[in-house]
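Visitor: This structure is in structure tokens; I'll ask about it shortly.
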Amino acid sequence: MTAVISARKSDFVRSLGVERLIDYARESDPSRWGTFDVVIDTADGRPLHVLRRALTRCGTLVIVGADGVGGPVFEGFDRQLFRVPLANVVASQRIASVMQTETGDDVARVLGQVAEGSIASAVTEVVPFADARAALDRLAAKQVAGKLVLTLGR
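Numbering (numbering that gives the first Met the number 0), first residue to last: 0 to 153.
Shown next as structure tokens:
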């Protein structure tokens, strides 16, 4: 598995089992990363035609969320709603998007799996609610690796 990340998050990402790291600050051109059967974009926001350069001829690009993309009407989801379907018409590569909703039952099921140890949690920081503003500022600045949890009470 290969991850494209900032250098300051490399130790955390290696702890998740990633074998090869690409520092996007040093190598920003996807055509120089090599080619992959699958590319999963969780927060990059690059245009589809740029990300497709990192795919094999019949590879698959999966767009998850719309962090950092922005957009005039759909706040970045225009990429999933309009550009992905159009790109699939003209390309041999497959492009998919993932959007989800969560229910209380979904959250309870995941928490149960964490409790029994069948999935691992990537919580790297626990912050009191009083420090929420600073924590959210750090999240927005992409300074947090893993998940940050706000606690209520003492």
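All residues carry an ideal CB built from backbone N, CA and C; glycine is no exception.
Please read all numbers here as calculations on a predicted model, not as lab measurements.
If you reduce the DSSP assignment to three classes, tell me which class G58 lands in.
Guide: Three-state DSSP puts G58 in a strand.
Visitor: Can you check DSSP and say which residues form a bridge with P29?
Guide: Beta-bridge pairing links P29 to no other residue.
Visitor: Buried or exposed for A129, please, with buried defined as at least 16 other CB atoms from any protein chain shown within 10 angstroms of its CB.
Guide: Exposed is the call here.
Visitor: Can the beta-carbon of V38 be found less than 8 Å from the beta-carbon of Y23?
Guide: Contact: no.
Visitor: Would you mind working out which of D36, A42 and G44 sits nearest L60, comparing C-alpha positions?
Guide: For the residues D36, A42 and G44, the minimum Cα distance to L60 belongs to D36.
Visitor: Assuming the contact rule is C-beta atoms closer than 8 Å, R51 and Q99 should be a hit. Round their C-beta distance to whole Å, please.
Guide: Going by Cβ atoms, the distance from R51 to Q99 rounds to 24 Å, so no, they are not a contact pair.
Visitor: Using only the alpha-carbon positions, how far apart do L20 and K8 sit?
Guide: Roughly 10 Å between the two C-alpha positions.
Visitor: If L15 sits next to A121, beta carbons under 8 Å apart, how far is it from one beta carbon to the other, in whole angstroms?
Guide: With a Cβ gap of about 7 Å, L15 and A121 count as contacting.
Visitor: CA-CA distance, E101 and E26?
Guide: Rounded to whole angstroms, E101 to E26 spans 35 Å at the Cα level.
Visitor: Under the three-state reduction of DSSP, which class applies to F73: helix, strand or coil?
Guide: Note that F73 has pLDDT 48, beneath the 50 cutoff, so the model's placement of it is unreliable and no number is given.
Visitor: According to DSSP, T150 sits in a beta bridge with which residue or residues?
Guide: Answer is P127, bridged to T150.
Visitor: By how many angstroms is the C-alpha of V12 removed from the C-alpha of V126?
Guide: So the two alpha carbons sit approximately 21 Å from each other.
Visitor: Apply the 10 Å Cβ neighbour rule to P46 and answer buried if 16 or more other Cβ atoms are within range, or exposed otherwise.
Guide: So P46 counts as exposed.
Visitor: Could you compute how far the alpha carbon of V104 sits from the alpha carbon of R31?
Guide: For clarity, residue 104 is Asp in the given sequence; the question names Val instead. D104 and R31: Cα-Cα distance of roughly 43 Å.
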